[in-house]
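Residue numbers (this note's numbering): 1 to 990.
Contents: one structure, followed by commentary.
Below, the structure written as structure tokens:
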């Protein structure tokens, strides 16, 4: 029986980047700041005033153990600028509002909660910050955060065994618990809604003095700790009242985590929807549209009433275009013969040719030009019953197909329906068993029909349809019973339904739980999603400004599979797709989604100003470095493209024709070397990269006969042999190179201390130790120095003697005494960089038993159906030469190479190696691109491994990328496959 807990990957690079971006804000803060504060307190002279005598420092009053930030604000700002430049963000000229408020922007489904919880432990480990308050805008998100902490407790316990922690959810009913939060010595995490502190003593317990708290208020205990405040979904806490409530906590710093910040402050990290898609961190969005076709495809019109006074007018409910381009149903007054598409009526071209010919009060009706008579209360067009029923059918079909595909992989499939009103599901029923609305009747009927089409479907889901569906609606008490109701999604009644669905999040993933189809009223708000939602069906018109983005956000997270160790994420793009069943065309959905993103400040399907910021930078020696192009250069290139009319408002124009011979972007000379990378990024900046129509899906057929031939078995055995490697390096070379690098590094300034209220203030109204003007000299020796040798040994695996020789040889240890943290960070970075260069040269591979990817596993994976899209595949002409009828490619270079291999007569077999085919190198795992059998002189078989790149020039590859290629060459040589090289256009090396 497998565990029901979730597995969390501690080594996701993008999450580690986000965590380090937060942690590095306080680079230079001593870990033993508390000792430093005590030292400074002893030196601070207090003014002898009555106020000072009576106004005891709050921290001492409550016995609080809090966070002490002793860095100057200018130092934190300098850290921010360094981080922004590193992350390809626009570098801020100053701190926004001169406040330590920082934004982390992460797309829905990429592990935002994990990042800020891990940041808690890293801040505690590096700087001894121990008090954290997580502020959320709603009960739903509070429940989600609490659930996440419970799920991750074991994971963080393993990662940080020396960092015990407590977490609690604040409630006015037990407000006295803040005392233990304030006085505890270990990590404390308090989760609370903004409403708990937003108000006064008249409305909130947190502001009321308590006898059990020595006459102080609960808020006093929290502010005495100067917590790090983490705001989850801060865009919902932007009111002035909310902001003043946050300041009441007197935080040492505020960290704001969201996918959509309404107000940008000091941005330290950004992972927007484009980045998330490009990195394969979220599901691919697929749109299946169900619409009326032909003459019956009428626009929505409902007759509300007819008036005769003061003039003849009819009140019609129509689909009207708003200023932002989105559609909204509104009741408008229309005169006889007035065109319904008129901008004063609907501003919607779908109504062209529609007018009222005649009106009547007794009986009340209108005569429409393209329809005829429409009586009061009647409606035509829009999403009629037949369309909704077909949408349910399409969702069930998708679900059954996915169920058959993913059940063998222990991945439970869920489908989510958003309904227009509760009555459509419940009818006059009182619960899930007695519900008899139209949607329930259609679902049960259609499910039985679709399931009966294949015996496999009946085996997978033999249950009664009622057992497979469940609705989550808000409820209100009516007498002794509870009744489901329509709500806006923002009421107290909603909180109860969201708590229920949050608590059942894990249960819904359990195969033993029958429920697979979830019905909900309105879009579930931020805070609820489920990784195994593969289909979302919107049984209502979508017109709201952010509705499509909210809708897909409930299912974007990568799916999970049940393993013996718990639930593990599945990133395979052939599995991780989210199908939206919509009542609008793919083009309309994609365009509206694009507009929604744009209104939130995200350019999806367009060239962003930061588009080129993560291109590797070319060094002074002409070689690629691990440094990035950066925001300023990217913005400069964007401006050039706009001037040259290659883009207009970020949209690519017809002038961009990269496939024409001698095409050029006419870049300024300083950017000419980057033209291939810039061109490739522009080419993929269209909405079709991120949202695809269901009609473009196409299955791949595996060539089973190929896998069973003796020739293939021999070939696979030869290329998949395992190796082990050892690294032999010249110790003297390491010492020499590292000493040179450290000597050339910029000077490390002495530690600068700011005596602040959060740090060393002893009495309110008392002096702040201004006499410490020459404090940098005074601080030397006033605190314990960290064990630099042990830290560098742990980070680099070098011997103690080697580390000592490097430190002494660099002749800069006095700077370590003045600023130990910055010095250690600099030394770590430089030693690791030099090691990376030397290690690859000294790597030696040796063949061992076993395979990196067993043939039986390859055969099993080949049988598994996956979703692929035609714009990512090349159709093979000579099917006997490879293992699938379509080859999946990641770039145009790979497409060209596949076409070449397919057409070459001397190539007898070729295959794109699966992602699971990985070999170990000193700089991380490596997945080669192609395996080939070439025939020469009619007999000799040559086994080849090829890596497709755009260039043969080593200087054009990142150091880490080049290191992997060099290591791979030695690995394949060790197993007897000596023909390994790069293939590039014009020099394919075959």
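Note that beta-carbon positions come from the ideal geometry of N, C-alpha and C, so glycine has one too.
Which whole runs of the beta strand (DSSP E) in the stretch 908-989 are 3 residues long or more, in chain order?
Taken in chain order, the whole beta strand (DSSP E) runs of length 3 or more contained in the stretch 908-989 are 930-936, 940-948, 979-983.
Where residue 226 and residue 102 are concerned, what is the direct C-alpha to C-alpha distance, given to the nearest angstrom?
Numbered from 1 along the chain shown, position 226 holds the residue referred to as residue 226. Numbered from 1 along the chain shown, position 102 holds the residue referred to as residue 102. Linking residue 226 to residue 102 through their CA atoms gives a straight-line distance of about 16 angstroms.
Per the contact definition of three or more C-beta pairs closer than 8 angstroms, is the stretch 14-22 in contact with the stretch 109-118?
The stretch 109-118 and the stretch 14-22 touch, with no fewer than 3 CB-CB distances between them shorter than 8 angstroms.
Assess, as a yes-or-no matter, whether the stretch 926-936 is touched by the stretch 903-912 under the definition of 3 or more beta carbon pairs within less than 8 angstroms.
At 8 angstroms Cβ cutoff, the stretches touch.
Based on the DSSP output, what are the partners of residue 723 in its beta bridges?
Position 723 of the chain shown holds residue 723. According to DSSP, which records beta bridges pairwise, residue 723 is partnered with 847.
For residue 661, count neighbouring Cβ atoms within 10 angstroms of its own Cβ and tell me buried if that reaches 16, exposed if not.
For the purposes of this step, residue 661 is taken as the residue at position 661 of the chain shown. Classification for residue 661: exposed.
Just to confirm before moving on: does the CB-CB distance between residue 831 and residue 785 stay below 8 angstroms?
Against the chain shown, residue 831 aligns to sequence position 831. Against the chain shown, residue 785 aligns to sequence position 785. No, Cβ-Cβ distance for residue 831 and residue 785 is not below 8 angstroms.
Would you call the stretch 135-150 and the stretch 176-195 in contact, with 3 or more CB pairs under 8 angstroms?
With the cut-off at 8 angstroms, the stretch 135-150 and the stretch 176-195 touch.
Neighbourhood of residue 819 by C-beta distance below 8 angstroms, restricted to the same chain and skipping five residues each side
Counting from 1 along the chain shown, the entry for residue 819 is found at position 819. Hits under 8 angstroms: 28, 748, 749, 750, 751.
Beta carbon of residue 285, beta carbon of residue 184: below 8 angstroms?
Working through the chain shown from its first residue, we reach residue 285 at position 285. Working through the chain shown from its first residue, we reach residue 184 at position 184. Not closer than 8 angstroms, so no.
So, residue 386 versus residue 537, is the Cβ gap smaller than 8 angstroms?
Indexing the chain shown from 1 puts residue 386 at position 386. Indexing the chain shown from 1 puts residue 537 at position 537. When the beta-carbon positions are compared, residue 386 and residue 537 stay at least 8 angstroms from each other.
Which residues mark the beginning and the end of the alpha helix (DSSP H) in which residue 833 is found?
For the purposes of this step, residue 833 is taken as the residue at position 833 of the chain shown. For residue 833, the enclosing alpha helix (DSSP H) covers residues 820-841.
C-alpha distance - residue 405 paired with residue 425, whole-angstrom precision:
Counting from one through the chain shown, the residue named residue 405 turns up at place 405. Counting from one through the chain shown, the residue named residue 425 turns up at place 425. The straight-line gap from Cα to Cα measures roughly 29 angstroms.
Can you tell me where the alpha helix (DSSP H) holding residue 277 begins and where it ends?
Along the chain shown, one-based indexing puts residue 277 at 277. Residue range 273-278 is occupied by the alpha helix (DSSP H) that includes residue 277.
The beta strand (DSSP E) enclosing residue 625, as first and last residue numbers
Position 625 of the chain shown, counted from the start, is the residue given in the question as residue 625. In this chain, the beta strand (DSSP E) harbouring residue 625 covers 624-628.
Return yes when the Cβ of residue 197 is within less than 8 angstroms of the Cβ of residue 230, no when it is not.
For the purposes of this step, residue 230 is identified with residue 230 of the chain shown, where counting begins at 1. For the purposes of this step, residue 197 is identified with residue 197 of the chain shown, where counting begins at 1. Not closer than 8 angstroms, so no.
State the DSSP-derived secondary structure class of residue 647, mapped to helix, strand or coil.
As a working note, residue 647 is residue 647 in the chain shown. In this structure, DSSP gives residue 647 an extended state, which the three-state scheme calls strand.
Would you call residue 244 buried or exposed, if buried means 16 or more other Cβ atoms sit within 10 Å of its Cβ?
Taking the chain shown and counting its residues from 1, the one referred to as residue 244 is at position 244. Residue 244 comes out exposed.
So for residue 379, helix, strand or coil by DSSP?
Working through the chain shown from its first residue, we reach residue 379 at position 379. Taken through DSSP and simplified to helix, strand or coil, residue 379 comes out as strand.
Quick check on the burial criterion: 16 or more other C-beta atoms within 10 angstroms. Buried or exposed for residue 871?
In the chain shown, the residue the question calls residue 871 occupies position 871. Per the 10 Å Cβ criterion, exposed.
Please report the distance separating the alpha-carbon of residue 24 from that of residue 436.
Taking the first residue of the chain shown as 1, we reach residue 24 at position 24. Taking the first residue of the chain shown as 1, we reach residue 436 at position 436. Spanning the alpha carbons of residue 24 and residue 436 requires a straight line of approximately 57 angstroms.
From residue 892 to residue 673, what distance separates their C-alpha atoms?
The sequence position of residue 892 within the chain shown is 892, counting from 1. The sequence position of residue 673 within the chain shown is 673, counting from 1. Each residue's alpha carbon lies about 19 angstroms from the other.
Closest by C-alpha distance to residue 423, when choosing among 277, 473, 217, 633:
Along the chain shown, one-based indexing puts residue 423 at 423. Closest by alpha carbon: 473.
Alpha-carbon spacing of residue 743 relative to residue 825, whole angstroms
Within the chain shown, residue 743 is the residue found at index 743, counting from 1. Within the chain shown, residue 825 is the residue found at index 825, counting from 1. Put simply, the backbone Cα of residue 743 is about 15 angstroms away from that of residue 825.
What is the rounded straight-line gap between the Cα of residue 975 and the Cα of residue 274?
Locating residue 975 in the chain shown gives position 975, where the first residue counts as 1. Locating residue 274 in the chain shown gives position 274, where the first residue counts as 1. Between residue 975 and residue 274, the C-alpha separation is close to 40 angstroms.
Give every residue of the same chain whose Cβ lies closer than 7 angstroms to the Cβ of residue 969, excluding the five residues on either side of it in the sequence, and list them in chain order.
Counting from one through the chain shown, the residue named residue 969 turns up at place 969. Contacts found: 980.
Sorted by chain position, which residues of the same chain lie with C-beta nearer than 7 angstroms to residue 848's C-beta, five sequence neighbours on each side aside?
For the purposes of this step, residue 848 is identified with residue 848 of the chain shown, where counting begins at 1. So the qualifying residues of the chain are 722, 723, 724.
Which residue's Cα is closest to the Cα of residue 468: 433, 456, 452?
As a working note, residue 468 is residue 468 in the chain shown. Of 433, 456, 452, the smallest CA-CA separation from residue 468 is found for 433.
With respect to the beta strand (DSSP E) encompassing residue 319, which residues constitute its N-terminal and C-terminal limits?
Walking along the chain shown from the start, residue 319 turns up at place 319. Under the DSSP assignment, residue 319 falls in the beta strand (DSSP E) whose first and last residues are 313-321.
Should residue 759 go down as buried or exposed, given a rule of 16 or more other Cβ atoms within 10 Å for buried?
For the purposes of this step, residue 759 is identified with residue 759 of the chain shown, where counting begins at 1. In this prediction, residue 759 has a pLDDT of 36, which is less than 50 and means its spatial position is unreliable; nothing more can be read from the coordinates.
Hey, residue 608 and residue 650 are a contact pair by Cβ (cut 8 angstroms); roughly how many whole angstroms apart?
Against the chain shown, residue 608 aligns to sequence position 608. Against the chain shown, residue 650 aligns to sequence position 650. So it is a contact: roughly 7 angstroms between Cβ atoms.
Are the stretch 691-703 and the stretch 916-927 in contact at 8 angstroms, needing three or more beta carbon pairs?
The stretch 691-703 vs the stretch 916-927: no contact.
Going along the chain, which residues of its own chain have a beta-carbon closer than 6 angstroms to the beta-carbon of residue 921, five neighbours each way excluded?
Taking the first residue of the chain shown as position 1, residue 921 is located at position 921. Closer than 6 angstroms at the Cβ level, and outside the excluded window around residue 921, lie 964, 967.
Can you grab the Cα-Cα spacing for the pair residue 925 / residue 269, in whole Å?
Locating residue 925 in the chain shown gives position 925, counting from the first residue. Locating residue 269 in the chain shown gives position 269, counting from the first residue. Cα to Cα, residue 925 sits roughly 26 angstroms from residue 269.
I'd like the ranges of any beta strand (DSSP E) spanning at least 3 consecutive residues and lying wholly in the stretch 378-419.
DSSP runs (the beta strand (DSSP E)) wholly in the stretch 378-419: 414-419.
Can you tell me which of 621, 635, 617, 851 puts its alpha carbon nearest to the alpha carbon of residue 627?
The sequence position of residue 627 within the chain shown is 627, counting from 1. It is 617 whose Cα lies nearest to the Cα of residue 627.
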